[in-house]
Amino acid sequence: MEKKIYLDESEMPKKWYNLAADLPMLPPLGPDGKPISPEMLAPVFPMNLIEQEVSTERWISIPEEVQGMLKIWRPSPLIRAFELEKALGTPAKIFYKNESVSPAGSHKPNTAIPQAWYNKQFGIKRITTETGAGQWGSALSFACALIGGIECKVFMVRVSYEQKPFRQILMNTWGGTCVASPSMETAAGRAVLAEFPDTPGSLGIAISEAIEAAVTDPTGKTRYGLGSVLNHVMLHQTVIGLEAKKQLAKVGIKKPDIVIGCCGGGSNFAGLAFPFIQDKINGDDIEIIGAEPASCPTLTKGTFMYDHGDIAKMTPLLPMYSLGHNFIPAPIHAGGLRYHGMSPLVSAAVRAGYVTPIAINQSECFEAGMLFAKTEGIVPAPETTHAIAATIREAKKAKEEGKEKIIIFNLSGHGLMDLVGYDKYMRGQLSDYEMSDKEIGDNLHQMDGYPKP
Ligand SMILES: *Cc1c(COP(=O)(O)O)cnc(C)c1O
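Quick note, the sequence shown lines up with residues 151 to 603 if you use my numbering.
The following block contains the structure:
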C-alpha cells in the first residue's frame, strides 16, 4: 500500500456537511434568557455567515471562488503512518489527515478563507479577532491578504505574544496587525489590567476585546471573526472529513474503526469527525474520540450548561460544556487547547453519545509528539500531540487485543512555531497539572444564577 493517498483537485468537496441537520440543538440565549434572533448577532458577524450559523440544511455549497483559494493546498494528503505503526509494533493501521500543509501550518485557513470571503461579499473592510497560540491570527491574516481589501486586527493572548514572536511576524508578513491582550485599546482589556496587571491573558479576554473593537467601530464596516466554537466554523472544517472518506475509499476501506481529534474549541475535531458522525448516526459502528488536556478538561470535567464564550459576557449564552467563562489556564501548560468552552455542536455530539472525550496530561502528549517526529518526521503542533497520544493509546490497545483496527486521526498542524514548548519538555521544565474538582467547582459557582439547559 502507498504511503500517501491523494485526491485530484476535481475530487474536492463542493459542499460542506452541516451536522446541525442531523443533531437536535438547543438555541443560544440572549441576556434576558430568551433565544436570540439572527438580527441580534448582526453587529458582530455579517448576515451571510449568521445565516450559516443558524442553518439546519444538511449540505451547503462552497462558493467557487472559495474552492479556488482552498486549492492553494487542498486536497490535503491522507498519510499511512507506517513508521509509527512499526515503532509501536501494532497491528492497527494508522492514517492521518495532514492539515499542516496549509500556508499557515494548520487546519484554520479552511474557515479563515470562507469567513474573509463572506465578509467581503457583505461589504466589510476590517475583521477583528483573537488568537491564542497565534495559529488563528496567522490564518485570518493570510485569508485577508488573499481576499484583498480587508484589514485584519488580532488580539493575541499575552503569554503567547511574549513567547511566540515568530507568529506575530507571520501575521505582519500577510498584512495583519497584532497586539498583546489584555490591551489598553479596549474597555474590556483595561478592566482586566486594572485588576490583574500581571495576567498572562486568556482566550476569553482576547475574544471580549476583539468583539468590542468590532462593535464600537463608528463606520459599521468592522466585524469579528472566530476561529473555532461556532457552528459555521465547524461547517467550514468538514472538508477535512469529507476528503478523508474519499481517500479511505480509494484504498478499499469502507469505514475506519476509530476516529480521533484533539479538542480546543472543537473545530479540527469536528472537521474530521462530523462526516463520520453522520455515518454513525446512520448505523455505522465507529468509535470517535476527542482528546483534551487534563489541565483544561472542558469535556471530561466541565458541565453542560449555558455559558458565555468570553470573559466580558459579550457573546450570547451558548449551550456547551464549559469550565466557566472566568477560567484562566495554568501558565505551566504549553500544549494549547486552553479554551474554557466547547463548540455547541461538538458538545451536543458528546451528550448524544456519539463522541467519547478523554483528557491527557501534557508530558504524555509531548512524548507522543517526539515519537511522531522521530518516526513520521513531522514535528506536530503541541495541540495535535493530544490526538497523537490518544492514537498511540488505541494502537497499543489494538496490539493487546491482537486486532487490526483502522485508526484515523487529524494532524491539525505542525509545531515549527511552537518549538519553545518542545524545548521546555526536553529540559524537563514541564510539569503535569490536573484541574481539581474543587477548583472546577469554585469556578463554576459564578454560573449559579444562569439559565440551565
Ligand atoms: C487552533 C488549533 C487547535 C485547537 O482548536 P480547535 O478549534 O479545537 O481545532 C488544534 N490544533 C491546531 C494545530 C490549532 O492551530
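Using N, Cα and C, we set each Cβ at its ideal position, and we do this for glycine too.
Quick caveat: nothing in here was measured; it's all calculated off a predicted structure.
{"Query": "Can you give me the C-alpha to C-alpha distance between residue 583 and residue 291, rounded to a whole angstrom?", "Result": "33 Å"}
{"Query": "Closer than 7 Å to a non-hydrogen atom of ligand 1 - does that hold for the CB of residue 413?", "Result": "yes"}
{"Query": "Can the beta-carbon of residue 209 be found closer than 8 Å to that of residue 168?", "Result": "yes"}
{"Query": "Grab the span of the beta strand (DSSP E) containing residue 311 for me, first residue to last.", "Result": "Run containing residue 311: none in the beta strand (DSSP E); it sits in the alpha helix (DSSP H), 308-313."}
{"Query": "Can you look up residue 600 in the DSSP assignment and give me helix, strand or coil?", "Result": "coil"}
{"Query": "Please determine whether the Cβ atom of residue 486 lies at a distance below 7 Å from any heavy atom of ligand 1.", "Result": "yes"}
{"Query": "Evaluate the contact criterion for the stretch 255-273 versus the stretch 433-444: three or more CB pairs, one atom per stretch, below 8 Å.", "Result": "no"}
{"Query": "Three or more beta-carbon pairs under 8 Å between the stretch 523-541 and the stretch 554-564, yes or no?", "Result": "yes"}
{"Query": "Let me check you understand the geometry: is the CB of residue 285 closer than 7 Å to at least one non-hydrogen atom of ligand 1?", "Result": "yes"}
{"Query": "Taking 7 Å as the cut-off, is the C-beta of residue 395 nearer than that to any heavy atom in ligand 1?", "Result": "no"}
{"Query": "Between the Cα of residue 412 and the Cα atoms of 370, 166, 423 and 335, which residue gives the shortest distance?", "Result": "423"}
{"Query": "I need the straight-line Cα distance from residue 313 to residue 575, nearest angstrom please.", "Result": "15 Å"}
{"Query": "Using a Cβ-based criterion (distance less than 7 Å to any ligand heavy atom), does residue 477 qualify as near ligand 1?", "Result": "no"}
{"Query": "Please classify residue 170 as buried or exposed, where buried requires at least 16 neighbouring CB atoms within 10 angstroms.", "Result": "buried"}
{"Query": "Could you tell me if residue 464 is buried or exposed, where buried requires 16 or more neighbouring beta carbons within 10 angstroms of its beta carbon?", "Result": "buried"}
{"Query": "Which residues bound the alpha helix (DSSP H) around residue 591?", "Result": "587-594"}
{"Query": "Could you give the distance in angstroms between the alpha-carbon of residue 600 and the alpha-carbon of residue 336?", "Result": "26 Å"}
{"Query": "Quick one: grab the DSSP three-state call for residue 446.", "Result": "coil"}
{"Query": "Comparing alpha-carbon positions, which option in 505, 322 and 478 lies nearest residue 593?", "Result": "478"}
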